[in-house]
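J.: For reference, the structure I am asking about is given below.
In our numbering, the protein residues as written are 230 to 542.
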């Protein structure tokens, strides 16, 4: 009896340590399906396939690098983009990564998307983070975006609560510090996550969509939803998903694989770039380079720098 109890407690302790050890900690399937009913938008949780669980619950992140041609100030700039996908537990109340296992946690697919490019003498660094529930039954729970360059920095964050609560900070006088409350609608930022979970359920037709926080800050447009037309097309082994915003004269198109894990091969984004007489219609283009599955949060020593060669960056 003593041996059985000791074994039981060792198993419990091992389980608790395991849930705290990795950057991509996950709740059990029960936690995914038993999300607290906090918002009226939420629908029943959609089941995850065995392929999904095997791929995403293995304790690794997926890192994919892209060559980038970024439109900025009426010219195309060469650079790199990286998409880092990882599953982790998310605390809905505080809207942060959960430190421990709890029935209140929501399992999410997190995307950290980065871009780096030069505009003449000075560099741009852009990062957006999107936390989307694996249950695929509500909008993204949180989105944030920051842009740094030598003129200054801007930051915007959207929290999905009873409504969308948006906070934005900018060094531009007309934008400055803003706190907004907006009605819930489709988020462009969340589409990158939905493609990787269940692309057949991407929204199509005439929609209200909030463009990415990155785009809205780069072109100094009002943070709100805009009319858009969405199309999903199958082109053999690949599919394309496009969003066209008439008011913004902007089109965003993703190209991704039809088969799991629905890797994004690249994307294009066309809109007027530049201001005044330097404005012209240009197309930002990202093309996939390499993909690496690895627990990158453990690879932070000088000896790990060589791993960047595996991504071609």
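We put the CB at the ideal spot given by N, CA and C, even for glycine.
Could you give the C-beta distance for residue 541 and residue 336, rounded to a whole number, given that I count them as a contact under 8 angstroms?
T.: That belief does not hold up - the Cβ atoms of residue 541 and residue 336 are roughly 31 angstroms apart, past 8 angstroms.
J.: Helix, strand or coil: how does DSSP classify residue 328 here?
T.: Of the three classes helix, strand and coil, the one that applies to residue 328 here is coil, per DSSP.
J.: Can you have a look at residue 449 and say buried or exposed, based on whether 16 or more other CB atoms are within 10 angstroms of its CB?
T.: Answer is exposed; the Cβ neighbour count stays below 16.
J.: Is residue 456 near residue 440, with beta carbons less than 9 angstroms apart?
T.: It is not a contact, given that the beta carbons lie outside the stated cut-off.
J.: Apply the 10 Å Cβ neighbour rule to residue 360 and answer buried if 16 or more other Cβ atoms are within range, or exposed otherwise.
T.: So residue 360 counts as buried.
J.: The alpha helix (DSSP H) with residue 443 in it runs from where to where?
T.: That run of the alpha helix (DSSP H) goes 442 to 447.
J.: Given a threshold of 16 other Cβ atoms within 10 Å of its Cβ, counted over all protein chains shown, does residue 528 qualify as buried or as exposed?
T.: The residue is exposed, with fewer than 16 neighbouring Cβ atoms inside 10 Å.
J.: So, with DSSP's three-state summary, where would you put residue 292?
T.: Strand.
J.: Between the segment 456 to 473 and the segment 429 to 444, can you find at least three pairs of beta-carbon atoms closer than 8 angstroms?
T.: Segments in contact, yes.
J.: Assign residue 537 to one of two classes, buried (16 or more other C-beta atoms within 10 Å of its C-beta) or exposed (fewer than that).
T.: Answer is exposed; the Cβ neighbour count stays below 16.
J.: Please classify residue 526: is it buried, with 16 or more other beta-carbons within 10 angstroms of its beta-carbon, or exposed?
T.: Classification of residue 526: exposed, given that the 10 Å Cβ count is below 16.
J.: Let's test the definition: count the other Cβ atoms within 10 Å of the Cβ of residue 310 and tell me whether it reaches 16, buried, or not, exposed.
T.: Residue 310 is buried by the Cβ-count criterion.
J.: Taking buried to mean at least 16 other C-beta atoms within 10 Å of its own C-beta, is residue 260 buried or exposed?
T.: Bear in mind that a pLDDT of 39 at residue 260, under 50, signals an unreliable position, so the number given afterwards is only what the model happens to contain. With 16 or more other Cβ atoms within 10 Å, it is buried.
J.: Would you call residue 323 buried or exposed, if buried means 16 or more other Cβ atoms sit within 10 Å of its Cβ?
T.: The residue in question, residue 323, is exposed, as its Cβ has fewer than 16 Cβ neighbours within 10 Å.
J.: Spatial neighbours of residue 283 within its chain, please: CB distance less than 7 angstroms, with the 5 preceding and 5 following residues excluded, ordered by chain position.
T.: Answer for residue 283: no residue qualifies.
J.: Since residue 492 contacts residue 442 with CB under 8 angstroms, what's their CB separation in whole angstroms?
T.: Not confirmed; about 24 angstroms, so no contact.
J.: Mind listing, in chain order, the continuous beta strand (DSSP E) runs of no fewer than 3 residues lying wholly within the segment 507 to 534?
T.: Complete beta strand (DSSP E) runs here, min 3: 509 to 523.
J.: So the alpha helix (DSSP H) residue 312 belongs to, where does it begin and stop?
T.: Run containing residue 312: none in the alpha helix (DSSP H); it sits in the beta strand (DSSP E), 304 to 320.
J.: Run the CB neighbour count on residue 400, radius 10 Å, all protein chains shown included, and call it buried at 16 or more, exposed below.
T.: Exposed: under 16 other Cβ atoms inside 10 Å.
J.: On the three-state DSSP scale, how would you describe residue 362?
T.: Here residue 362 sits in strand by DSSP.
J.: So what does residue 385 bridge to, in DSSP terms?
T.: In DSSP, residue 385 forms a bridge with 374, 397.
J.: Rounded to whole angstroms, what is the Cα-Cα separation between residue 245 and residue 378?
T.: In this predicted model, residue 245 has a pLDDT of only 42, less than 50, meaning its place in the structure is not dependable; the value taken from the coordinates is given anyway. Their backbone Cα atoms lie some 42 angstroms apart in a straight line.
J.: Return the first residue and the last residue of the alpha helix (DSSP H) that residue 281 is part of.
T.: Counting along the chain, the alpha helix (DSSP H) containing residue 281 begins and ends at 279 to 285.
J.: Does the pairing of the segment 477 to 485 with the segment 296 to 305 give three or more beta-carbon distances under 8 angstroms?
T.: Touching, no, given that fewer than three Cβ pairs across the two stretches are closer than 8 angstroms.
J.: Kindly identify the DSSP beta-bridge partner or partners of residue 466.
T.: Answer is none; residue 466 lacks a bridge partner.
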